[in-house]
DNA sequence: TAAGCTGTTGCAAACGTTTGCCGAATGGAG
DNA sequence: CTCCATTCGGCAAACGTTTGCAACAGCTTA
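Chains as they are written, first to last, in the numbering used here: chain A, 365 to 706; chain B, 365 to 706.
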């Protein structure tokens, strides 16, 4: 049915190898012949069969993109950026969703391995060992997790968490809660460590609640527990949980940020739409997607295994306010600054 | 490098065709032989090369999923459902984003055509003619657009729009605005027609504002124009625009739903998170994704070109309230019902 | 004028599978 | 004991490409 290289060869009176070269090594064919071949190819509607090409060259011009949950608003901007960037480099992208399940994740990587030139593993939940192992089957770039010896692009969540905690301390909060993310998440460990260290250094308390699935519902469900700790400020693993918490607190008549301050992480599209607008740590997800694609495609050339860390920024909106130990002067300035940003 | 069927054959002392049959036609090989082959395959870590298989069978076991904008929260649930469903049927999914550009869309379909067994075209912006044309190159299922003779799955937005308008009329609104979506959108035409007819039948006014890009910003930007019309209720093309409008109105000190009622369409994850919670028409996007995959995969068997319409439901939350012509009794009941749903 | 280069093309093997065909072995029926 | 049917496995062609090698023509160089 489909028109092949052979049809083009016959129609333009040359050997199939000449047609092949017209597309994959144009400088090796006489300009005159080339244009003739191109013309008939165009006319016949010929398109090279990538599968056949892959079979012999070993390069599929496909990449795999594996994420924990496509519907988690953190990922779509990353997927979009990666796909667009890959396509610009003539690569197509398989997208797959593991539903936060490490077993599915492993299956998926292995199923995809033969069909792609490399895989972008986003926020993987597998063990380091498993990742090391699949790495031998297919080139990998890990996103949002740092494993020694493996190419990775991560957001500097440690920095973000420190900034967030410092912001809360500056506002006069002395008892904080970290509403933790899922077990097995590198990001979660980083945040926890950074937040804990920063709070401790300032002589403040930090209570960790979790682990939790990183969705709105668990944030809402944690409201009760948060209140019981007596803390006046909460840092959540991500915006989804922060938003869930925010609303559950309001439903209980707790004023945010009057009685409790809430900070999220990610700056998903909707964190600016809830009321109060959410103070959060912005993650450059689109840049991460592009960078990861670049790293993956370069990996073929040399064996370089760089690890790139992307800057994060605290965005102060309206879900954070003065705490019980607020130094009157400093606070008003701080709050004013926050309102300006809005 | 990679372990092939030949390695397995050698290691288990059979011909490659026997190995092949062990995987693709198990009933043709002696159980004893089969288990021996499976054992060595397992041990060697053999995985069939899908590209090679595709070359000879003509079936790639891949499908393409083309959407206008991955980052538009309407799509991720659809993508997720389609991917999961496809994988359960042993298919992998290419996802691509056209950025609402019909030219990119056409390119993409043609580039993907050879690599997939079929394509899901979601909310396409191409002309009917172009779609008809590519249809001859690759099996297609169109989502969110109805084209005669083409397999399609659409949401019954007409029904949703009618329900929404009736809800507003029941509440006592007599002057409505339809905040329109993008040019070239089939959905947009359907809503507009249904809403217009329903309003007219009840002797109410419906002013159309648009077309607009289907994003939050245009919703916000339309606030001024909406107020100028003097309308007391707005139906928006989608939740994104409705939310943008909602917030812009509140920023201007307009009470929602006290002064103006707002209804969205789609029921994206965040429409329940804004305050007031958004009354909206729920679209079964996940079901649409699954159905579309099923239709695509069945298409190979027969040439059936069904067109499936999925039910939509009005979800009454808190962004709609009594209008100027509200019959006192009916309203209180209605509003009470709305609050219960919350 | 012979030798050697350069540019262009054809030839054929190879990539990893599937599958129609054929032959060998087995076993039951007559 | 022969015949036939059935089951199993091997052989080889085919899928649509790429690519090393060789052939040839037309030059240049000595």
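The C-beta atom is built at its ideal place from N, Cα and C for all residues, glycine as well.
Exposed or buried, which one is residue i when buried takes at least 16 other CB atoms within 10 Å?
i	result
residue 615(A)	exposed
residue 547(A)	exposed
residue 424(B)	buried
residue 392(B)	exposed
residue 689(B)	exposed
residue 682(B)	buried
residue 421(A)	exposed
residue 370(B)	exposed
residue 379(B)	exposed
residue 588(B)	exposed
residue 491(A)	exposed
residue 622(A)	exposed
residue 381(B)	exposed
Is there a Cβ from chain B that is less than 9 Å from the Cβ of residue i?
i	result
residue 492(A)	no
residue 651(A)	no
residue 585(A)	no
residue 435(A)	yes
residue 663(A)	no
residue 451(A)	yes
residue 331(A)	Given a span of 365 to 706 for chain A in the structure shown, any question on residue 331(A) remains unanswerable.
residue 655(A)	no
residue 459(A)	yes
At the level of alpha carbons, what is the spacing between residue i and residue j?
i	j	result
residue 482(A)	residue 660(A)	6 Å
residue 409(A)	residue 367(A)	7 Å
residue 377(B)	residue 471(A)	28 Å
residue 487(A)	residue 400(B)	38 Å
residue 718(B)	residue 572(B)	Missing from the structure shown is residue 718(B); chain B here goes from 365 to 706 and no further.
residue 583(A)	residue 613(A)	10 Å
residue 521(B)	residue 640(A)	32 Å
residue 662(A)	residue 533(A)	43 Å
residue 677(A)	residue 450(A)	26 Å
residue 500(A)	residue 603(A)	35 Å
residue 594(A)	residue 638(A)	24 Å
residue 441(A)	residue 649(A)	6 Å
residue 680(B)	residue 414(B)	48 Å
residue 544(B)	residue 564(A)	53 Å
residue 539(B)	residue 562(B)	12 Å
residue 390(B)	residue 398(B)	7 Å
residue 489(A)	residue 514(A)	15 Å
Give a single yes or no on whether residue i has its beta carbon closer than 8 Å to a heavy atom of the ligand SAM.
i	result
residue 673(B)	Looking for the ligand SAM in the displayed structure turns up nothing, as the structure carries no ligands at all.
Consider the Cβ of residue i: report whether some Cβ of chain A lies at a distance smaller than 9 Å.
i	result
residue 463(B)	yes
residue 456(B)	yes
residue 424(B)	yes
residue 409(B)	yes
residue 387(B)	no
residue 484(B)	no
residue 639(B)	yes
residue 672(B)	no
residue 440(B)	yes
residue 467(B)	no
residue 514(B)	no
residue 546(B)	no
residue 443(B)	yes
residue 384(B)	no
Which one or two residues does DSSP pair with residue i in a beta bridge?
i	result
residue 539(B)	569(B)
residue 504(B)	483(B)
residue 628(B)	644(B)
residue 431(B)	461(B)
residue 456(A)	426(A)
residue 598(A)	541(A), 626(A)
residue 679(A)	644(A)
residue 674(A)	519(A)
Notebook entry, point to check: For the region 440 to 454 of chain A against the region 644 to 658 of chain A, are there 3 or more C-beta pairs whose distance is under 8 Å?
Noted result: yes
Checklist line | Contact between the region 639 to 646 of chain A and the region 523 to 533 of chain A (3+ Cβ pairs under 8 Å) | finding: yes
Next item on the list: Take every Cβ of the region 672 to 690 of chain A, pair it with every Cβ of the region 501 to 520 of chain A, and state whether three or more of those distances are shorter than 8 Å.
Entry: yes
Check: On the three-pair Cβ rule with 8 Å, is the region 461 to 481 of chain B touching the region 598 to 618 of chain B?
Finding: no
Notebook entry, point to check: Does the region 593 to 609 of chain A come close enough to the region 385 to 405 of chain A that 3 or more CB-CB pairs lie under 8 Å?
Noted result: no
Checklist line | Cβ pair count under 8 Å reaching 3, the region 552 to 561 of chain A against the region 602 to 616 of chain A | finding: no
Next item on the list: Give a yes or no on contact between the region 422 to 437 of chain B and the region 453 to 461 of chain B, applying the rule of three or more CB pairs nearer than 8 Å.
Entry: yes
Item checked: Any 3 or more C-beta pairs closer than 8 Å across the region 430 to 442 of chain A and the region 458 to 469 of chain A -> yes
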